[in-house]
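Asks: In mature numbering (1 follows the signal peptide of the UniProt record, and there is no 0), the protein residues as written are -20 to -1, 1 to 244. Where is the CB? At the ideal position from N, CA and C, for every residue including glycine. Model, not experiment: these values are computed from the prediction.
This is how it looks when you write it as structure tokens:
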């Protein structure tokens, strides 16, 4: 009996040492896999029993709970959850009659707080948003519009001149162009900041943005087109749900806002 127990303990110790030497991350991988399985099971149960909660729904909840909590620090200025929430409500109010639920809107903006405000504002109207790569020009931009079917474009003031040679084509395709500036600039380009100043901060009813399927497209993100035409990657409502467990840190973002990694 004693020899049998010694043999068993020796086998266990040998297996443990072999695992530590050959597979040092085995138990960490097992724990991570268990976590993934647990989230997967919860997600399947959630899909069958609960309504879809999008990233904007979660943002609105956080803004109501912690309106003074910092959300973005940009060029030395801190913007709180409440401020971004109010700003996005203004955006939604400006465009509430210009777009309908299910439409796609294109966004061509550099990193700035209004990038988030405009994005969330359109999502509150039930729109999908196409993030255009700020490094592409001319026909590549037109190709992106054809891919996502956007009928409205919001462009940052610093990027308006990059549209010079394709503005006529956009207007021919009945694509409305809005710029984050004040006063008239280019013919046929509307000033968004002027409208935001007079818009109300009253929230849009949540029913406007409600979705019933986790596979509803919510974002279009485009590649830079280094190996051909720009290709779009469609994000679904499922994506924020899957990524939500990591939203517990303060992050320093050095990348462009239109990319996948910076959004996550």
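Are there three or more Cβ pairs, one per stretch, closer than 8 Å when the stretch 8 to 19 is compared with the stretch 166 to 184?
Replies: Not touching, per the Cβ criterion.
Asks: Three-state secondary structure (DSSP) at residue 35?
Replies: In this structure, residue 35 counts as helix in the three-state DSSP scheme.
Asks: Quick test of your reading: residue 112 and residue 124, contact by CB under 8 Å. State the CB separation rounded to the nearest angstrom.
Replies: Confirmed, Cβ separation roughly 6 Å.
Asks: Take residue 187 as the anchor and find which of 43, 10, 104, 50 has the nearest alpha-carbon.
Replies: Checked all of 43, 10, 104, 50; the closest Cα to residue 187 is 104.
Asks: With distances taken from CA atoms, which of 139, 129, 120 is nearest residue 154?
Replies: Residue 129 is the option with its Cα nearest to residue 154.
Asks: Taking DSSP's pairing of strands, which residues face residue 110 in a bridge?
Replies: Partner(s): 86, 200.
Asks: Are the Cβ atoms of residue 166 and residue 147 separated by less than 8 Å?
Replies: Cβ distance < 8 Å, so residue 166 and residue 147 count as in contact.
Asks: With a threshold of 16 other CB atoms inside 10 Å of the CB of residue 192, please say whether the residue is buried or exposed.
Replies: Classification for residue 192: exposed.
Asks: Scan the stretch 151 to 186 and note each continuous alpha helix (DSSP H) run of 4 residues or more that stays entirely inside, going in chain order.
Replies: For the stretch 151 to 186, whole alpha helix (DSSP H) runs of length 4 or above, ordered along the chain, are 172 to 178.
Asks: Could you give the residue range of the alpha helix (DSSP H) that holds residue 93?
Replies: Segment 93 to 103, the alpha helix (DSSP H) holding residue 93.
Asks: In terms of residue numbering, what span does the beta strand (DSSP E) encompassing residue 120 cover?
Replies: Careful: residue 120 lies outside any beta strand (DSSP E), inside the alpha helix (DSSP H) at 118 to 128.
Asks: DSSP on residue 50, reduced to helix/strand/coil?
Replies: Looking at residue 50 - three-state DSSP - the assignment turns out to be strand.
Asks: Is it buried or exposed, residue 89, if we count other Cβ atoms within 10 angstroms and call 16 or more buried?
Replies: It is buried - the Cβ of residue 89 has at least 16 other Cβ atoms within 10 Å.
Asks: For residue 68, report the span of its alpha helix (DSSP H) as first-last.
Replies: Residues 61 to 75.
Asks: Given 8 Å as the limit, is there contact between the stretch 115 to 122 and the stretch 93 to 100, that is, 3 or more CB pairs closer than that?
Replies: Contact between the stretch 115 to 122 and the stretch 93 to 100 is absent, because fewer than three Cβ pairs lie under 8 Å.
Asks: Any idea what DSSP makes of residue -13, helix, strand or coil?
Replies: Helix at residue -13.
Asks: Return the bridge partner residues of residue 58 from the DSSP annotation.
Replies: Note: residue 58 sits in a beta bridge opposite 53.
Asks: Should residue -7 be labelled buried (16 or more other beta-carbon atoms within 10 Å of its own) or exposed?
Replies: It counts as exposed.
Asks: Going straight from the alpha carbon of residue -9 to that of residue -3, what length do you get?
Replies: About 10 Å.
Asks: If you follow the beta strand (DSSP E) that residue 134 is in, where does it begin and where does it stop?
Replies: That run of the beta strand (DSSP E) goes 132 to 135.
Asks: Out of 85, 200, 35, 102, which one is the CA nearest neighbour of residue 262?
Replies: A query on residue 262 cannot be resolved here, the shown segment of the chain reaching from -20 to 244 and no further.
Asks: Residue 82: buried (16+ other C-beta within 10 angstroms of its C-beta) or exposed?
Replies: With fewer than 16 Cβ atoms within 10 Å of its Cβ, residue 82 is classed as exposed.
Asks: Does residue 78 come out as helix, strand or coil in the three-state DSSP assignment?
Replies: In this structure, residue 78 counts as coil in the three-state DSSP scheme.
Asks: Once the 5 residues before and after residue 59 are set aside, which same chain residues still bring their CB inside 7 Å of it?
Replies: Taken in chain order, the residues that qualify are 51, 52, 93.
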